[in-house]
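**Q** One structure follows; several queries about it will come next.
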Amino acid sequence: MTNAVEQESIKVIVFQLADKEYAIPVSHVQGIEKLMHITRVPKTVNYVKGVINLRGVVTPIVDLRERFELPISKHEETTRIIIISLEDMEVGFVVDSANDVIDIPANAIEPQPEVVGSLEEEFISGVAKVGKRLLILLHLEKVLNPLK
Amino acid sequence: MEVNQYLEMFIEESKEHLQACSEHLLELEKSPDDLAIVGEIFRSAHTLKGMSATMGFEDLADLTHKMENVLDAIRNEKIHVTPEILDVVFESVDHLEEMVMDIASGGDGKRDVSSTVAQLKRIELGEEAIVVPEVAATEVVEPAVESALEYDSFEQTVISQSSEQGFHAYEISVKLRDDCLLKAARVFMVFEILEKDGDVIKASPSVEKLEDEQFDQQFYVAFVTKESAEDMQKKLMKVSEVEEVAVTLINQKAFSEKEYEPQQEVAVTVAEVATPAAAPPQAEPVVKPKKAASSAKADKSQHAPVGNKTIRVNIERLDILMNLFEELVIDRGRLQSISTEVNHGELNETVERMSRVMGDLQTIILTMRMVPVETVFNRFPKMIRQLSRDLNKKINLEIIGAETELDRTVIDEIGDPLVHLIRNSVDHGIENPTARRAKGKPEEGTVVLRAYHSGNYVFIEIEDDGAGINREKVLAKAIAKGVVTLEQSYAMSDRQINELILASGFSTADVISDVSGRGVGLDVVKTTIESLGGNISIESTQDVGSKFSIQLPLTLSIISVMLVEIEKEIYAIPLSSIIETSIIRSSEIMNAHNQKVIDFRGKVVPLVFLEEIFEVPRKEQQDEEFHSVVIVRKGEKLAGLVVDSFIGQQEIVLKSLGNYLTNIFAISGATILGNGKVALIVDCNALIK
């Protein structure tokens, strides 16, 4: 395992979605919440599940499984909402579980291999190999973009 | 000098002075021979010059200086006021405003004003080749300050009582240096020192005037303290820019000899009521100062009424206070629902009491955020002047009710729509003088801008005595533009036709002018006002005039709603758009052109099934015999919103859905309910076509 202390590295939150692990830089994460009541908002795209009351702030919720067109699963005990802040938006992502906070050395990040070929491809900014784990780094702007 | 500390104060005061300049210039234009007005303008300009020079804004100071020279020449009757001169002076004021705005937004206030400066110079020299001497002292408008203070019986009592308790009563005269700038700041510092060591009984001129810098260089204060006269003098001399301090003991024997005159000319205000014991509750001996005749004419309430004690609070703090209060409102909702569930006597009582206190608190917080519409209105006189020049029309603007107060959030939004409507009235409404004469109207057109409160709303009206709306022309245009069909037009009322001009893609002016745009405007006005929860209506009679009325809610952040339930989902419908609720039978529902309608008090009202609009998932389709209907309105049109059940009325805090979810159909926002869940607010305007 590489020694991260000496080199430049980014701290990321690692979460699980279906059988893969994804990562978001900690700087964009406001917090991780347990699943709570989501109020449905009518006439929006299917992956917007609705809004929650996050300590007085009405926050929209996106189900990442549906966003990436992965098979829909029932919400479990481990299901979490990761609150993301990007520019002037705050959005919660529903994920299967939030696993870890780790440092990824900058040189461990590689561009997206072209073979993946699923819908989620366009939302990926790169992959990182840390030990035996393969982490997929999300391109947040693209994940949140098309809803305008 | 610590510049940054004063920058904010400087910007605020500069704006005030410039506003005063514009107002007085408009006055002057009406009565060019009134030299007292020139004096007023001169004073404002002079103060501005001094302040900007100290703050290091040379361009600003320089231009003000040039302008001041011209004003001085006018004041000394070396130059006569002509419209041309006023134009140049107006232009200078415009430049000055731009500079101040630039400084306020962090710039250095530099601006190329050479042509204006040259014009000012030409005026100054052209008519009279005399170099105007620099005038240091400002014109004294206030009545000469008396050398000694006079005391009424109440103040005499305070003084004698305090001396019995071992206090000394002094009369202190403070003289500021001639070149003192930011006099108000010095006054404030002096008072701060005084109030630390004792109590100020009285000041001359009054504290309000001192704060407004309405005094020359010297002021007097009556003061009780335990400190010695010498110490006080030394302390006060430490305030910079103070030239002279004289502390003398008040001669109490003189009291008995001097009869108390109830009608004093000197403005008197108790600054800080002396000792609690000696302060009878009715004691607010505020005698309104008699303003000099000239300023009484320019009474457009530029100065707040004397006698109100105010402090300036950063608006951000008020916003924070409001946010915290909103949190409380949500918790109150929660407590109320808990107490209904638990049904415990004492709990119920406490919750009820708390609700009442919070109601009062809410009123106070909301009124704290109120700002007079004057802050929006005061830019219009100048705009009208400019417009009437550009369009060659004669227009008189009357402003009524500028003191009407509105929430700051509404104030911020209402400016542009009003500018648009006024431009519209001036451009399309008021005819040119020849046409007016032909119609037998006075050449000068009148635009009335009126604001007033009524119920929970504020109304703003823009009324002109111009051409009014030409029904045929509007209809022809609307049909040509495809806004309505010919068939529809037959059934339209006058009011509906008038309101067509608010539809998008509409411009009836034969010649498109740059004043009121290309018809993209009025529909934007309508949208803005509706987004503020208000609405706009038009009354018009051809050749007599038109009236645009805008109805606005007093506040935007807390509203009353009716909560309704559809399946398991709760929605909030703003009470302001609800006419009434009713329960109807299935058999009463009729069909008309694929639209379900009901007969509601003789009117055919279309039904909107919220369940369908909001695509509420339902486990099983049920056919109920009775339907709960909320009748809502948008302008004159009605619609019945069908829901499962009514929950009740509640005050809620309006929250936005954030920047990610925008333009959700028929949802105007969200709120947090007592149980902590989010409920969506129905936008009735979107549901009625």
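As you go down the protein sequences, you meet chains F and A in turn. Okay, so the first sequence: first residue is 1035 according to the numbering used here, each after it adds one. Okay, so the second sequence: first residue is 1018 according to the numbering used here, each after it adds one. Idealized CB from N, CA, C, for every residue including glycine.
(1) For a contact defined as C-beta to C-beta under 7 Å, what are the partners of N1087(F) on chain A?
(2) Just curious, the beta strand (DSSP E) that I1095(F) is in, first and last residue?
(3) Output the residue ranges of the alpha helix (DSSP H) runs that lie fully inside the segment 1169-1223 of chain A and measure 4 residues or longer, sorted by chain position.
(4) Please report the residue range of the alpha helix (DSSP H) in which Y1507(A) lies.
(5) What first and last residue would you give for the beta strand (DSSP E) that runs through P1139(F)?
(6) With a threshold of 7 Å between beta-carbons, can Y1588(A) be considered close to chain F, or not?
(7) Under 9 Å, CB to CB, which of the residues in the segment 1320-1350 of chain A have a partner in chain F?
(8) Leaving out the 5 sequence neighbours to the left and right, which residues in its chain are closer than 8 Å to D1616(A) when beta-carbon positions are compared?
(9) Buried or exposed: P1398(A), going by 16 or more other Cβ atoms within 10 Å of its Cβ?
(10) Is the Cβ of K1636(A) closer than 7 Å to any Cβ of chain F?
(11) Are the C-beta of V1063(F) and some C-beta of chain A separated by less than 7 Å?
(12) In chain A, what lies closer than 9 Å to L1178(F) by C-beta?
(13) Identify the residues that DSSP records as bridge partners of M1387(A): which are they?
(14) Determine the direct distance from the alpha carbon of K1411(A) to that of S1405(A), and round the result to whole angstroms.
(15) What's the gap between the Cα of E1582(A) and the Cα of M1387(A)?
(16) Thinking C-beta only, is E1046(A) closer than 7 Å to L1103(A)?
(17) For E1632(A), decide whether its Cβ has a neighbour in chain F, counting only Cβ atoms nearer than 7 Å.
(18) Taking just the CA atoms, how far does Q1234(A) sit from S1061(A)?
(19) Anything in chain F within Cβ reach of K1672(A), meaning under 7 Å, just list it in chain order.
(20) Which one of E1100(F), I1118(F), H1173(F) has the shortest CA to CA distance from I1158(F)?
(21) Entirely within the segment 1628-1689 of chain A and at least 3 residues each: give me those beta strand (DSSP E) ranges in chain order.
(22) Smallest Cα separation from G1483(A): which of P1459(A), Y1469(A), S1554(A), A1495(A)?
(23) Step through the CB atoms of chain A and report whether any lies within less than 7 Å of the CB of D1122(F).
(24) Give a yes or no on whether the C-beta atoms belonging to G1084(F) and R1074(F) are separated by under 7 Å.
(25) Could you compute how far the alpha carbon of E1111(F) sits from the alpha carbon of I1072(F)?
(26) So is N1692(A) buried or exposed if we call it buried at 16+ other beta carbons inside 10 Å?
(27) Check the DSSP bridge columns for R1167(F) and list the partner residues they point to.
(28) Under the three-state reduction of DSSP, which class applies to L1104(F): helix, strand or coil?
(29) Does the Cβ-Cβ distance between V1087(A) and L1142(A) come in under 7 Å?
(30) Report the neighbours of I1684(A) on chain F: residues whose CB is nearer than 9 Å to its CB, in chain order.
(31) S1574(A): which of I1382(A), F1027(A), D1216(A), K1095(A) sits nearest, CA to CA?
(32) Can you pull the DSSP bridge partners for I1601(A)?
(33) DSSP state of R1467(A), grouped into three classes?
(34) Is the shortest distance between the beta-carbon of H1109(F) and the beta-carbons of chain A less than 7 Å?
(35) Can you tell me which of the three DSSP states M1068(A) falls into?
**A** In brief:
(1) In the first sequence, the residue the question calls residue 1087(F) occupies position 53. Simply I1689, G1693, K1694, V1695.
(2) Against the first sequence, residue 1095(F) aligns to sequence position 61. Per DSSP, I1095(F) belongs to the beta strand (DSSP E) from 1091-1097.
(3) 1170-1181, 1200-1214
(4) Numbered from its first residue, the second sequence carries residue 1507(A) at position 490. Note, Y1507(A): alpha helix (DSSP H), 1503-1507.
(5) Position 105 of the first sequence, counting from 1, holds the residue named residue 1139(F). That run of the beta strand (DSSP E) goes 1131-1139.
(6) The residue you call residue 1588(A) lines up with position 571 of the second sequence. With 7 Å as the cut-off, Y1588(A) does not count as an interface residue toward chain F.
(7) N1340, E1343, E1344, I1347
(8) Counted from its first residue, the second sequence places residue 1616(A) at position 599. Closer than 8 Å at Cβ, skipping near neighbours: E1605, M1607, V1622.
(9) By one-based count along the second sequence, residue 1398(A) stands at place 381. Buried.
(10) Here the question's residue 1636(A) lines up with position 619 in the second sequence. So, not an interface residue.
(11) Position 29 of the first sequence, counted from the start, is the residue given in the question as residue 1063(F). Taking Cβ atoms only, chain A never reaches closer than 7 Å to V1063(F), which makes this a no.
(12) Taking the first sequence and counting its residues from 1, the one referred to as residue 1178(F) is at position 144. Chain A residues near L1178(F): Y1677.
(13) Residue numbering aside, residue 1387(A) sits at position 370 when the second sequence is read from its first letter. According to DSSP, M1387(A) bridges with D1424(A).
(14) By one-based count along the second sequence, residue 1405(A) stands at place 388. By one-based count along the second sequence, residue 1411(A) stands at place 394. Taking the straight line joining both Cα atoms gives about 6 Å.
(15) Position 565 of the second sequence, counting from 1, holds the residue named residue 1582(A). Position 370 of the second sequence, counting from 1, holds the residue named residue 1387(A). Answer to the nearest angstrom: the Cα atoms are 35 Å apart.
(16) Within the second sequence, the letter at position 86 stands for residue 1103(A). Within the second sequence, the letter at position 29 stands for residue 1046(A). Going by C-beta atoms, L1103(A) is nearer than 7 Å to E1046(A).
(17) Start at 1 with the first residue of the second sequence, and residue 1632(A) comes out as number 615. Yes, E1632(A) counts as interfacial toward chain F.
(18) Indexing the second sequence from 1 puts residue 1061(A) at position 44. Indexing the second sequence from 1 puts residue 1234(A) at position 217. Rounded to whole angstroms, S1061(A) to Q1234(A) spans 16 Å at the Cα level.
(19) What you label residue 1672(A) is simply residue 655 of the second sequence in a count that begins at 1. Correct list: V1092.
(20) By 1-based counting over the first sequence, the position of residue 1158(F) is 124. Out of E1100(F), I1118(F), H1173(F), H1173(F) has the C-alpha closest to the C-alpha of I1158(F).
(21) 1643-1651, 1654-1660, 1662-1670, 1684-1689
(22) Mapped onto the second sequence, residue 1483(A) falls at position 466. Of P1459(A), Y1469(A), S1554(A), A1495(A), the residue nearest in Cα terms is P1459(A).
(23) In the first sequence, counting from the first residue as 1, residue 1122(F) sits at position 88. With 7 Å as the cut-off, D1122(F) counts as an interface residue toward chain A.
(24) Here residue 1084(F) corresponds to residue number 50 of the first sequence, with the count starting at 1. Here residue 1074(F) corresponds to residue number 40 of the first sequence, with the count starting at 1. Going by C-beta atoms, G1084(F) is nearer than 7 Å to R1074(F).
(25) On the first sequence, position 77 is the one that residue 1111(F) refers to. On the first sequence, position 38 is the one that residue 1072(F) refers to. Cα to Cα, the separation comes out at about 16 Å.
(26) In the second sequence, residue 1692(A) corresponds to position 675, counting from 1. By the neighbour-count rule (16 or more Cβ atoms within 10 Å), N1692(A) is not buried but exposed.
(27) Translated into the one-based positions of the first sequence, residue 1167(F) becomes position 133. Looking at the DSSP assignment, R1167(F) forms a beta bridge with V1164(F).
(28) Here the question's residue 1104(F) lines up with position 70 in the first sequence. The answer is coil: DSSP assigns L1104(F) none of H, G, I, E or B.
(29) What you label residue 1087(A) is simply residue 70 of the second sequence in a count that begins at 1. What you label residue 1142(A) is simply residue 125 of the second sequence in a count that begins at 1. No, these two residues do not count as a Cβ contact at 7 Å.
(30) Here residue 1684(A) refers to the residue found at position 667 of the second sequence. What I1684(A) touches in chain F: V1075, P1076, K1077.
(31) The sequence position of residue 1574(A) within the second sequence is 557, counting from 1. Nearest C-alpha to S1574(A): I1382(A).
(32) As a position in the second sequence, residue 1601(A) is number 584, starting the count at 1. According to DSSP, which records beta bridges pairwise, I1601(A) is partnered with H1644(A).
(33) Taking the second sequence and counting its residues from 1, one reaches residue 1467(A) at position 450. R1467(A) falls in the strand class under three-state DSSP.
(34) Here residue 1109(F) is taken as the residue at index 75 of the first sequence, counted from 1. H1109(F) does not count as touching chain A.
(35) What you label residue 1068(A) is simply residue 51 of the second sequence in a count that begins at 1. Helix, per DSSP.
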